[in-house]
Amino acid sequence: MKNMLFVAWRYRFFITTSIKTELHSKFIRSRLGGLWMILNPLAQVLIFAFVLSAVLSAKLPGINNRYAYAIYLMAGILGWSLFAEILNRCLTMFIENGNILKKLAFPKLALPLIVIGSALINNLLLFIAILVIFGILGHPPGIALIWLPVLMVITIGFAVGLGLGLGVLNVFIRDIGQVVPVAMQFLFWFTPVVYMVNIIPEHYSGWLVFNPLIPIITGYQDVLLYDRTPNLVVLSETAAFAAVLVALSLLFFRKANAEMVDQL
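Using the numbering used here, the first residue of the sequence shown is number 26, and each one after it goes up by one.
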């Protein structure tokens with residue numbers, strides 16, 4: 026962790042410039058520009074909200090709002106999108122930047138920091154859009170919003186811990202890049218983003234303990250939907266697990282660092 030902070034500070038201008046260049050290059054010829062960063066997840070929310078709220082007439086217990094499911098979905102999507110973007114970007118960041126890694130002398134550890142910075146900006150823009158929509162729907166967030174930065178840090182830690190290790194593996198075993206997107210589809214539906222945890226049958230609910238994303242996503246829902254403090258005991262366990270993942274991924278990264286350029 027100290028090494029990451031040292032790299033971030035020493036190469037801070039390179040990292041910030043790379044983030045700006047990346048965001049600018051994505052939308053340089055787009056008339057809507059950065060709006061595309063939030064339109065896709067919001068469109069997904071609207072589709073699910075229409076199906077669950079309008080077609081199935083689904084209701085949420087304890088929430089007296091006709092748009093309760095749309096609010097519930099946006100809360101879950103906010104957490105999921107941050108996790109998914111960081112993990113998916115980490116998966117291919119070394120392969121996509123292979124030529125740069127061979128030509129320029131800079132620490133490879135700067136790449137995940139660039140990914141984190143870019144994903145965080147995207148997620149903050151999505152968060153601002155969600156806040157506006159919440160206000161329109163008559164559901165402004167309350168004081169529990171102060172826990173959101175904690176949830177974001179845990180989400181980033183878990184995504185980087187998992188994504189960095191998979192990104193290194195993907196350099197040597199390219200099948201990893203094909204398997205992970207499929208696994209992410211299963212993980213999405215294994216996480217209560219679209220549905221409530223309490224609707225899962227008893228004989229399946231036991232499997233939920235194997236999904237460390239559930240405390241994170243339910244934490245987002247507690248904060249944004251119910252305006253209450255998330256389960257700090259479970260979150261602390263998830264944070265500890267994320268810290269272990271980051272440590273193991275950094276160790277694996279250091280050991281494979283010397284051979285990665287040759288493979289690229």
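For each residue, glycine too, the CB sits at the ideal point set by N, CA and C.
Restricting to Cα atoms, I'd like to know which of the options is closest to residue i.
{"i": "V196", "options": "I120, L176, I125 and Y36", "result": "I120"}
{"i": "S261", "options": "V271, F278, D252 and I241", "result": "I241"}
{"i": "R343", "options": "Q210, I72, S50 and L134", "result": "The chain is shown from 26 up to 289; residue 343 falls before or after that span and cannot be answered."}
{"i": "N148", "options": "L71, V178 and P132", "result": "V178"}
{"i": "A283", "options": "F215, P132 and A68", "result": "P132"}
{"i": "L194", "options": "A281, H228 and V219", "result": "A281"}
{"i": "H164", "options": "I88, Y220, L187 and T216", "result": "I88"}
{"i": "W214", "options": "N236, G231, G202 and Q203", "result": "N236"}
{"i": "L71", "options": "L85, S50 and Y94", "result": "Y94"}
{"i": "A68", "options": "I158, S50, L85 and T42", "result": "I158"}
{"i": "Y220", "options": "T42, R37, L85 and S50", "result": "L85"}
Less than 8 angstroms between the beta carbons of residue i and residue j, yes or no?
{"i": "G192", "j": "L116", "result": "yes"}
{"i": "F108", "j": "A184", "result": "yes"}
{"i": "Y172", "j": "T254", "result": "One detail in the question is off: residue 172 reads as Trp in this sequence, not Tyr. Yes. Within cutoff."}
{"i": "L21", "j": "I96", "result": "Because the chain here runs from 26 to 289, residue 21 falls outside it and cannot be looked at."}
{"i": "Q246", "j": "G101", "result": "yes"}
{"i": "L103", "j": "I155", "result": "yes"}
{"i": "L233", "j": "V222", "result": "yes"}
{"i": "V269", "j": "L176", "result": "no"}
{"i": "L98", "j": "M118", "result": "no"}
{"i": "P166", "j": "D287", "result": "no"}
At the 8 angstroms Cβ level, is residue i part of the contact set with chain E, yes or no?
{"i": "L250", "result": "Note that chain E does not occur in the displayed structure, where there is just one protein chain."}
Considering only residues of the same chain and omitting the five flanking positions on each side of residue i, which have a CB-CB separation below 7 angstroms?
{"i": "S143", "result": "I44, E47 and L48"}
{"i": "T180", "result": "G104, L107, F108 and I241"}
{"i": "F152", "result": "L103"}
{"i": "L170", "result": "V248"}
{"i": "L187", "result": "L112 and L270"}
{"i": "V258", "result": "none"}
{"i": "Y229", "result": "none"}
{"i": "V205", "result": "L116 and L191"}
{"i": "A267", "result": "I179, G182, F183 and G186"}
Starting from the C-beta of residue i, find all residues in its chain whose C-beta is less than 6 angstroms away, skip the five residues before and the five after it, and write them out in chain order.
{"i": "G190", "result": "S274 and F277"}
{"i": "Y92", "result": "L162"}
{"i": "R114", "result": "V140"}
Excluding the 5 residues preceding and the 5 following residue i in the sequence, name in chain order all residues of the same chain whose CB lies nearer than 8 angstroms to its CB.
{"i": "I141", "result": "I111, I181 and V185"}
{"i": "N256", "result": "P240, T243, G244 and D247"}
{"i": "G202", "result": "L116, T117, I120 and N195"}
{"i": "L126", "result": "F119, K133, M285, V286 and L289"}
{"i": "I168", "result": "D252"}
{"i": "G160", "result": "none"}
> Which full runs of the alpha helix (DSSP H) of 4+ residues lie inside the region 208-278, going along the chain?
Replying inline: 227-230 and 238-249
>> Extract the residue ranges of the alpha helix (DSSP H) inside the region 91-123, only unbroken runs of 4 or more that lie entirely within it.
In response: 93-121
> Which residue spans inside the region 125-180 form an unbroken alpha helix (DSSP H) run of at least 4?
Replying inline: Taken in chain order, the complete alpha helix (DSSP H) segments of 4 residues or longer contained in the region 125-180 are 135-161.
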